[in-house]
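Comments concern the structure below.
Chains as they are written, first to last, in my numbering: chain A, 4 to 60; chain B, 39 to 326.
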């Protein structure tokens with residue numbers, strides 16, 4: 004599967020077994036997106052959250 | 039849901055390599071693991087929330103506070119959360135971790151806490167430069183600073199005080215431990231050390247976090263190191279954690295305990311299926 008990068012128009016490959024919340028990145032511009040919905044129209048993406056201060060392990 | 043299979047929910051906010059491996063391992067090991075993105079939830083304690091979650095939850099949020107408060111809400115509804123709210127609370131705060139280790143009599147670096155920049159400077163002088171200044175909450179070595187002189191100390195403390203968040207005005211100063219440029223990460227699952235690695239600091243960096251470019255290599259754990267790591271996880275009441283040990287001149291020290299442990303480095307360096315070990319543990323827990 005592929006989605007179009009809203010930032011640069013590049014094609015972002017999305018694995019077939021993608022899970023909601025998975026991060027995909029545009030091979031052209033490097034922008035990271037989070038897959039937030041899976042539907043008949045294909046995966047929907049939005050810009051991934053930027054690392055926050057309390058992020059970690 | 040297929041009948042008969044043990045089941046659990048995995049809560050996450052960002053699907054890292056680890057969470058994907060957990061989903062795969064659950065599939066191959068016969069655990070019905072439902073992955074729920076917490077960013078889409080609206081939470082109010084209720085029997086409906088408890089039944090939506092089911093009896094067992096693996097909490098894997100990258101955001102400490104999301105994971106912490108989620109655990110609090112779910113435990114109030116009677117859901118068992120791995121790790122527990124209490125363990126996440128203690129492990130997620132470096133001061134509370136240090137205090138739990140101190141109470142348990144486990145060796146850990148010396149530290150001083152001070153509530154103003156002025157008294158933090160005195161604490162640094164008393165400990166002797168260099169020292170390490172750490173935010174109470176945070177990971178991946180973020181904002182962890184080695185402080186080698188008082189001028190730098192003043193600047194860093196000024197920044198901490200200006201950061202707005204009250205937590206940054208609780209200054210946690212730790213001794214700089216003289217050790218090799220590596221530490222030992224022990225991944226513990228249900229009272230068992232399942233994988234251990236050395237984490238080497240990258241060139242030009244003193245921190246060993248894989249997130250700052252640290253290199254993972256397999257580590258054959260000594261009996262002493264294993265015992266110490268297990269005792270540390272017990273002291274924190276944690277079930278699935280990464281314990282970081284330092285090889286100080288005077289012996290091993292427990293540095294930190296990570297409650298939503300990232301294990302990509304440990305899995306890839308050792309070949310141990312850490313995700314599989316966690317899933318096996320959850321399967322046992324689901325039966326209880």
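Yeah, the Cβ is synthetic: ideal placement off N, Cα and C, and Gly gets one too.
What does residue 121 (chain B) touch in chain A if you count any residue whose Cβ is under 9 Å from its own?
Residues of chain A passing the Cβ test: none, with the nearest at roughly 12 Å.
Name the two residues that bound the continuous alpha helix (DSSP H) containing residue 127 (chain B).
For residue 127 (chain B), the enclosing alpha helix (DSSP H) covers residues 123-129.
Counting only Cβ pairs nearer than 9 Å, list the residues of chain A close to residue 298 (chain B).
Contacts between residue 298 (chain B) and chain A, judged by CB atoms closer than 9 Å, involve 59 and 60 in chain order.
At the 8 Å Cβ level, is residue 48 (chain B) part of the contact set with chain A, yes or no?
So, not an interface residue.
So what's residue 197 (chain B) in DSSP terms, helix, strand or just coil?
Helix.
Out of B:237, B:247 and B:83, which has the shortest C-alpha to C-alpha gap to residue 179 (chain B)?
Closest option to residue 179 (chain B), Cα to Cα, is B:247.
Using DSSP bridges, identify the partner residues of residue 70 (chain B).
Bridge partners of residue 70 (chain B): B:45.
Under 7 Å (Cβ pairs) to chain A, residues found in the stretch 303-315 of chain B
For the stretch 303-315 of chain B, the set of residues with a beta-carbon nearer than 7 Å to any beta-carbon of chain A is empty.
So residue 73 (chain B) contacts chain D; which residues on that side make the cut at Cβ distance below 8 Å?
The question asks about chain D, but that chain is absent: this structure's protein chains are A and B.
Alpha helix (DSSP H) runs wholly inside the stretch 100-187 of chain B, at least 4 long, in chain order:
You should have 102-114, 123-129, 132-141 and 155-165.
Once the 5 residues before and after residue 115 (chain B) are set aside, which same chain residues still bring their CB inside 8 Å of it?
Non-local beta-carbon contacts of residue 115 (chain B) in its own chain, meaning distances under 8 Å to residues more than five positions away in sequence, involve 83, 84, 85, 87, 88 and 91 in chain order.
Going residue by residue through the stretch 227-257 of chain B, where are the continuous beta strand (DSSP E) segments of at least 3 residues, counting only ones entirely within it?
Annotation: the stretch 227-257 of chain B contains the following complete segments of the beta strand (DSSP E) (minimum length 3 residues), in chain order: 231-238 and 253-256.
What residues match up with residue 7 (chain A) in a beta bridge as DSSP calls it?
Residue pairing by DSSP places residue 7 (chain A) opposite A:14 in a beta bridge.
Taking just the CA atoms, how far does residue 75 (chain B) sit from residue 63 (chain A)?
One cannot answer for residue 63 (chain A) here, as it falls past the ends of chain A, which runs 4 to 60.
Residue 48 (chain A) in three-state terms, based on DSSP:
Looking at residue 48 (chain A) - three-state DSSP - the assignment turns out to be strand.
Relative to the C-alpha of residue 253 (chain B), which candidate in B:241, B:310, B:260 and B:261 has its C-alpha closest?
When each option's Cα is compared against that of residue 253 (chain B), the closest is B:241.
Among B:198, B:144 and B:215, which has the Cα closest to the Cα of residue 209 (chain B)?
Checking every option, the nearest Cα to that of residue 209 (chain B) belongs to B:198.
Going by DSSP, what residue range makes up the beta strand (DSSP E) through residue 42 (chain A)?
First-last of the beta strand (DSSP E) with residue 42 (chain A): 35-42.
When the distance is taken between beta carbons, is residue 243 (chain B) closer than 8 Å to residue 121 (chain B)?
Not in contact: residue 121 (chain B) and residue 243 (chain B) (Cβ atoms no closer than 8 Å).
Contact defined as beta carbons within less than 8 Å: I believe residue 52 (chain A) pairs with residue 177 (chain B). What is the distance between those atoms, to the nearest angstrom?
Incorrect: roughly 15 Å between the Cβ atoms, too far for contact.
Indicate whether at least one CB of chain B lies closer than 8 Å to the CB of residue 35 (chain A).
No Cβ of chain B is located within less than 8 Å of the beta carbon of residue 35 (chain A).
Using the three-state DSSP reduction, which class does residue 265 (chain B) fall into: helix, strand or coil?
Here DSSP, grouped into helix, strand and coil, assigns residue 265 (chain B) to helix.
Where residue 161 (chain B) falls, given that 16 or more other Cβ within 10 Å makes a residue buried
Answer is buried; the Cβ neighbour count reaches 16.
By Cβ distance, which residues of its chain are closer than 6 Å to residue 147 (chain B), with the 5 residues on each side in sequence left out?
Here the set comprises 212, 213, 215 and 291.
Beta-carbon neighbours of residue 197 (chain B), restricted to chain A and to distances below 8 Å:
Those within 8 Å of residue 197 (chain B) in chain A number zero; the least Cβ separation is about 13 Å.
Same chain, Cβ closer than 8 Å to residue 144 (chain B), five either side skipped, listed in chain order:
Same-chain partners within the cutoff: 266, 269, 270, 273 and 292.
Closer than 8 Å to chain A by CB, residue 61 (chain B)
True, the Cβ-Cβ gap to chain A drops below 8 Å.
Might you give, ordered along the chain, the residues of its own chain that have their beta carbon closer than 7 Å to the beta carbon of residue 299 (chain B), omitting 5 neighbours on each side?
Here the set comprises 225, 278, 279 and 280.
Residues bridged to residue 91 (chain B) [DSSP beta-bridge criterion]
For residue 91 (chain B), which the question treats as bridged, DSSP gives no partner whatsoever.
Rank B:52, B:54, B:46 and B:81 by C-alpha distance to the C-alpha of residue 65 (chain B) and give the top, closest one.
Cα-wise, what sits closest to residue 65 (chain B) is B:46.
For residue 289 (chain B), list the residues DSSP reports as bridge partners.
Secondary-structure assignment with DSSP links residue 289 (chain B) through a beta bridge to B:286.
Determine whether the beta carbon atoms of residue 132 (chain B) and residue 159 (chain B) lie at a separation below 8 Å.
The answer is no: Cβ separation not under 8 Å.
Mind listing which residues of the stretch 181-192 of chain B have their C-beta closer than 9 Å to chain A's C-betas, in chain order?
Only 181 from the stretch 181-192 of chain B bring a Cβ to less than 9 Å from some Cβ of chain A.
State the Cα-Cα distance for the pair residue 38 (chain A) and residue 15 (chain A), rounded to the nearest angstrom.
For residue 38 (chain A) and residue 15 (chain A), the distance between alpha carbons rounds to 11 Å.
Neighbour list for residue 103 (chain B) in chain A, Cβ cutoff strictly below 7 Å:
Close to residue 103 (chain B), with beta-carbon spacing below 7 Å, are these residues of chain A in chain order: 57.
Beta-carbon proximity check, residue 205 (chain B) vs residue 175 (chain B), cutoff 8 Å
For the 8 Å CB-CB criterion, residue 205 (chain B) and residue 175 (chain B) form a contact.
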